[in-house]
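Below: the structure, in structure tokens.
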Amino acid sequence: MKGDIFRSVRIRLCAPRTGDEKEVSTWYDDAFYLRSVDTEPAYPFSEEKIEKEIKGAENTFYFHIRTLEDDRLIGFATLHSLEWNNQLATLAIGIGNKKDRGQGFGDEALKLIMRYAFMELNLFRLSLEVISYNSNAINLYLRNGFIKEGVIRKAVYRDNQRHDRIVMGVLRHDWLKANNYEAVT
1 MKGDIFRSVR IRLCAPRTGD EKEVSTWYDD AFYLRSVDTE PAYPFSEEKI EKEIKGAENT
61 FYFHIRTLED DRLIGFATLH SLEWNNQLAT LAIGIGNKKD RGQGFGDEAL KLIMRYAFME
121 LNLFRLSLEV ISYNSNAINL YLRNGFIKEG VIRKAVYRDN QRHDRIVMGV LRHDWLKANN
181 YEAVT
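Using the UniProt record's numbering, read the sequence shown as starting at 1 and increasing by one per residue.
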């Protein structure tokens with residue numbers, strides 16, 4: 001067994017806490033954040049709506065990302081649309097505050113949620129979709145073993161322009177090999 005499945009060097013994955021909705025609602029005031037993590041029209045969420053979204057998420061493993069240094073809420077990581085019979089899930093991740101982006105927190109959180117998915121939940125495949133203009137996210141996923149599997153052409157309409165959705169995925173055995181785990185058969 002390799003380490004604490006919920007902690008990395010600077011962050012940890014944890015359950016949402018009562019009161020987190022206030023911080024998360026500030027992220028939903030940031031149009032850049034909204035337009036990076038979702039293809040729906042950008043719209044600020046109230047604390048009540050966020051609480052309902054989190055509590056109402058079925059077939060989902062939803063984590064908040066907190067710093068170890070000061071226990072500050074900085075983002076979320078989730079595995080949703082789980083298909084237990086097929087051992088697959090869709091992954092989503094976001095770093096909420098602008099000042100925390102580009103600091104490597106997303107990379108640490110992605111590594112943790114992937115390890116959780118493959119080692120704890122015994123999933124075989126993780127997939128995601130990312131908007132083609134989100135090059136930082138695409139590069140993060142590529143560095144962590146995801147491959148581009150397809151393109152949903154011109155599926156996102158923003159600012160009078162159409163953008164592709166990039167479909168990406170990673171398989172358990174590829175992740176195990178890249179992270180120096182021995183596959184168990």
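By construction, the Cβ of each residue, glycine as well, lies at the ideal position given by its N, Cα and C atoms.
Residue range Phe105 to Arg115 is occupied by the alpha helix (DSSP H) that includes Leu112. About 15 Å separates the beta carbons of Ser36 and Ala155, which is beyond the 8 Å limit, so they are not a contact pair. The criterion of a C-beta distance shorter than 8 Å is satisfied by Leu13 and Leu112. Secondary structure at Glu129: strand, using DSSP grouped into helix, strand and coil. Excluding sequence positions up to five before and after Asn134, its CB lies within less than 6 Å of the CB of Ser36, all in the same chain and listed in chain order. For Arg153, the secondary structure class from DSSP, reduced to helix, strand or coil, is strand.
When the alpha-carbon of Tyr33 is set against those of Asn97, Leu126, Leu171 and Glu129, the nearest one is in Asn97. Beta-bridge annotation (DSSP): Gln161 is paired with Arg158. In the three-state scheme derived from DSSP, where H, G and I count as helix and E and B as strand, Ala92 is classed as strand.
Residue pairing from DSSP places Phe61 in a beta bridge opposite Leu79. Annotation: Asp29 to Glu47 spans about 12 Å, alpha carbon to alpha carbon.
With distances taken between CA atoms, Thr39 lies nearest to Ile152 out of Tyr181, Ile152, Leu176 and Leu171. Beyond the five residues adjoining it in sequence on each side, Leu110 comes within less than 7 Å, by CB distance, of Ile93, Leu140 and Asn144 in the same chain, given in chain order.
For Met119, the closest C-alpha among the options Asp107, Gly106, Glu129 and Leu88 is that of Leu88. Excluding the 5 residues flanking it on each side, Arg158 has no same chain C-beta neighbour closer than 6 Å.
Within the same chain, His64 and Leu73 come within 7 Å of Asp20 by CB-CB distance, once the 5 residues on both sides are set aside.
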